[in-house]
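Here the protein sequences come in this chain order: U and F.
Residue numbering for the first sequence follows my numbering, starting at 140 and increasing by one per position.
Residue numbering for the second sequence follows my numbering, starting at -18 and increasing by one per position.
Taking it in order: structure first as structure tokens, then the write-up.
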Amino acid sequence: MSKMEQSSEEESIVIETRWNIPFAHHAGRTASRFFRAMRDEQKIYGVRCGQCQRVLVPARSFCEQCFVPVQDWVEVGPQGSIESFAINCMQYEGLPTPPYVIALVKLDGADTSLLHWIGDLDLSNVEMAASRIPIGTRVEAVWKAKRDGAMTDIAYFRLL
Amino acid sequence: MQRVAVVGVGQTHFVSHRKDVMHSELCFEAVNSCLRDANLSIDDVNAIVFGVMDGFDGVDCLDRWCAGAAGGYGRPFMRINTAGATGLSTGIAAYHQVASGLSDVVLAVAEQRVSESLDAQSILNTAACPIYDRNIGGTAITLGSLPATRHMGLYGTTHAQRALVSVKNHRNACLNPFAHLRFEVTVEQVLQSRLIEWPLRLLECCPRSDGAVAVVLAGEHVARSLTDRPAWIHGAVSMADTFFYGDRPDVAYRDNLAVAARRLYRKVGICDPRKEIDVAELYSPFTSLEIMQTEALGFCSEGQGVRLVEEGVTWLEGDLPVNPSGGVLCTNPIGATGLVRMAEAALQVMGRAGEHQVNGVKTALCHGLGGVLQFQTLMVLGAEPR
Ligand SMILES: [Zn+2]
């Protein structure tokens, strides 16, 4: 161990700084169309890759595996199944109030999963709640009443 | 192309908070310890490759702050960043520089000071896609918890089986003077520790660590002139996968790691990894990931990872010890962590790992993981040149 580490009891002056910087992220044409369909029609769209035929959700303008543009829009869901889930029990700045269930939901007609919440579930006993939603559990999107064009326009997925 | 070997390593003692030094001074400490280890001076070094992840330190372009402290004054200097895989990507970039023959001695240096961010999760939140994913609230733990749940569902893996990984790694960390968390735990303690993100509990998750590591790589002639026992680099592979969490075909199986491993084994001539690899240092910040990584690396078949730890194979005394240093579960200076894996693999090959030395190591594997299971990096080091 170096001498410097041993002297850690000396006063070390602390300089406090803060990052608090606003950003504005432009979603672009494809994601905007995806969000408008959610906001205005309560519909979830994916895009089918002409090469590998995968239906990618959320929609995007290219398939990175085939490295080709994609533009074949297909409606998916609103039902699907839980591929996996986790129950966050910790409070973090800027994240929802725990406990909450975060899940990968594979919507009917999609080849990829959507990261979202499972709601309407009694989480007073986390272990018990987890046993109620095994892999493959069927779920359905629940729409927010007031939607503003974001992934959270789906309030959560409820058990069927 | 020339053969390349690791001829020296230097690590700082990893702790929650290094209050006695500022950021750049950590680098200086690791580099000096590394040069001493290799019996080199900074004037022998041709170039520096530096790795650190964004955000945690609250200073943008940390390469600026640390260039001088890493030995970059008047020398070629570049910075590498592939999230958690940064450390090993840094080592691989240094390896490529020496292998090309354009440099003979290159320093790989990586560091992180996770303690400087008073709210590390806020930093990690900013790493999620702001358009599609961010406001859903996946956490750093989610990358271990979602795979863990699916592994339980598909293969019947239990909490107690995963806990054994924690017991093993904490035991190993007690033997490693540089490790951050150095205490033993029992299966019961793991199962009773605080629930962080079901199914993962506190003792199944890595800490946040401060620290730096440096590794010096040399071409064959220089390496032979410096030491009788360098750690020869046999080959390395790195690979990027999709940014989208939900695009993975199956989160319970590390398919991208399996692909990277097959590429690496072909490159270095490994046919049976379980028999031919003597020790592995993996980027396993959660118990669940170590289990899945041993499967993807071909140490056992899919879904059988828990048996390796139950049967003692991956323990320090086993056939194929995994994370003998205590691993990432006990020490995680995020951007430096991958290079710590490389340093530890090199020490094992050189026979200088101390109390956690595995007997008779001829071939060691090390691994880095970055993003949400996105970047996979692998390297094989051996006692004999290849
Ligand atoms: Zn495609």
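Just so you know, even glycine gets a beta-carbon here, dropped at the ideal spot from N, CA and C.
Closest by C-alpha distance to Cys202(U), out of Pro217(U), Val213(U), Glu214(U) and Val186(U), is Val186(U). Taking a C-beta distance under 8 Å as the contact criterion, Val330(F) and Gly308(F) do not qualify as a contact pair. Counting along the chain, Arg187(U) sits inside the beta strand (DSSP E) bounded by residues Ile183 to Arg187.
At a cut-off of 7 Å, the beta-carbon of Gln204(U) counts as near ligand 1: some heavy atom of the ligand is closer than that. If you check the C-beta of Cys188(U) against ligand 1, you find a heavy atom less than 7 Å away.
Contact between Glu262(F) and Cys187(F) is absent: CB atoms are separated by about 14 Å, not below the 8 Å threshold. With contacts defined by Cβ atoms closer than 8 Å, Leu253(U) and Leu246(U) form a contacting pair. Taking the Cα of Arg189(F) as reference, the smallest distance to any Cα among Val40(F), Glu365(F), Ala345(F) and Phe267(F) is reached at Phe267(F). Looking at the backbone, the Cα of Cys311(F) and that of Val281(U) are separated by about 41 Å. Annotation: Asn27(F) is outside any alpha helix (DSSP H) and is labelled neither H nor E by DSSP.
Restricted to the segment 214 to 272 of chain F, the alpha helix (DSSP H) segments that are unbroken, complete and at least 4 residues in length are 236 to 249 and 254 to 257, listed in chain order. Bounds of the beta strand (DSSP E) holding Met59(F) are Phe58 to Ile61. Contact note: Met290(U) reaches chain F through Ile112, Tyr113, Asp114, Arg115, Asn116 and Ile117, using a C-beta cutoff of 9 Å and chain order.
The segment 84 to 131 of chain F is shown to contain whole beta strand (DSSP E) runs of 3 or more residues at 86 to 94, in chain order.
Cβ neighbours of Ser265(F) within its own chain (closer than 7 Å, five residues either side excluded): Glu271, Gln274, Asn304, Gly308, Val309 and Leu310.
Ligand 1 has no heavy atom closer than 7 Å to the beta-carbon of Arg199(U).
Here Gln(-8)(F) carries a strand assignment [DSSP, helix/strand/coil]. Secondary structure of Ala284(U) (DSSP, three-state): coil.
DSSP, read as helix, strand or coil, puts Arg297(U) in strand. Here the segment 223 to 243 of chain F lies against the segment 275 to 286 of chain F, with 3 or more beta-carbon pairs under 8 Å apart. As computed with DSSP, Asn227(U) is found in a beta bridge with Tyr239(U) and Glu178(F). Along the segment 168 to 180 of chain F, going in chain order, the ones with a CB nearer than 9 Å to a CB of chain U are Arg175, Leu176, Ile177, Glu178, Trp179 and Pro180. The alpha-carbon of Val171(F) is positioned some 14 Å away from that of Glu178(F). For a cut-off of 8 Å, the C-beta gap from Lys0(F) to Ser200(U) is around 48 Å, too long to register as a contact.
Ranked by Cα distance from Pro180(F), the options Leu124(F), Gly227(F) and Val86(F) are led by Leu124(F). The nearest non-hydrogen atom of ligand 1 is 7 Å or more from the C-beta of Arg229(F). In this structure the segment 206 to 225 of chain U does not touch the segment 91 to 100 of chain F; the number of beta carbon pairs closer than 8 Å is below three. Non-local C-beta neighbours of Ser174(F) in its own chain, meaning closer than 6 Å and more than five positions away in sequence, comprise Arg182, Leu183 and Leu184, ordered along the chain.
For Val278(U), there are no neighbours in chain F by C-beta distance under 7 Å, as the nearest C-beta there is about 14 Å away. For a Cβ distance threshold of 9 Å, residue set Gly118, Gly119, Thr120, Ile122, Thr123, Ser126, Ile177, Glu178 and Trp179 of chain F lies close to Asn227(U), ordered along the chain. Within the segment 337 to 365 of chain F, the runs of beta strand (DSSP E) that reach at least 3 residues and sit entirely inside it are, in chain order, 344 to 351 and 356 to 363.
Residue pairing from DSSP places His255(U) in a beta bridge opposite Ala242(U). For Ala317(F), the secondary structure class from DSSP, reduced to helix, strand or coil, is helix. For Ile183(U), the nearest beta carbon of chain F is not closer than 8 Å to its own beta carbon. Per the DSSP secondary-structure output, Val215(U) pairs in a beta bridge with Ile183(U). From the beta-carbon of Arg131(F), the residues of chain U found nearer than 8 Å are Glu222, Ser223 and Ile274.
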